[in-house]
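Structure first, then comments.
Residue numbers (the UniProt record's numbering): 1 to 107.
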């Protein structure tokens, strides 16, 4: 599956547009990670526990978006973006979204 953040894919032609696709995941921070992160927050610097959690969430959101695009018959996703938000005090949502298309290599 080709995934790009642009409207077009160089050397490819869009043959069909299937529509928007999404991949969503919601992650809750665990108590143990919250405690370690709180101590790190007092010291300053990167809180690797949260970085790792959000990186995993982005990967899962993209994977789910690809599954949805594949089910529509797409072989590419254009204009891919991420969005994120908080739900409550310890949950984060990550959404990957774009437009599912079928492309063919230009001759």
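All residues carry an ideal CB built from backbone N, CA and C; glycine is no exception.
Kindly list the residues whose CB is nearer than 8 angstroms to the CB of residue i, restricted to its own chain and excluding five residues on each side of it in sequence; keep chain order.
i	result
residue 74	1, 18, 21, 100, 101, 102
residue 70	1
residue 58	82, 94, 96
residue 9	2, 76, 78, 103
Among the options, which one has its Cα closest to the Cα of residue i?
i	options	result
residue 16	89, 66, 77, 60	77
residue 64	14, 47, 13, 23	23
residue 105	12, 81, 46, 86	12
residue 28	98, 46, 52, 62	52
residue 85	7, 14, 54	54
Classify residue i as helix, strand or coil using the three-state DSSP reduction.
i	result
residue 28	strand
residue 74	coil
residue 55	helix
residue 80	strand
residue 64	helix
Give every residue of the same chain whose Cβ lies closer than 6 angstroms to the Cβ of residue i, excluding the five residues on either side of it in the sequence, and list them in chain order.
i	result
residue 82	96
residue 68	21
residue 66	1
residue 5	80
Could you check how far apart the C-beta atoms of residue i and residue j are, in whole angstroms? I think they sit under 8 angstroms.
i	j	result
residue 25	residue 60	5 angstroms
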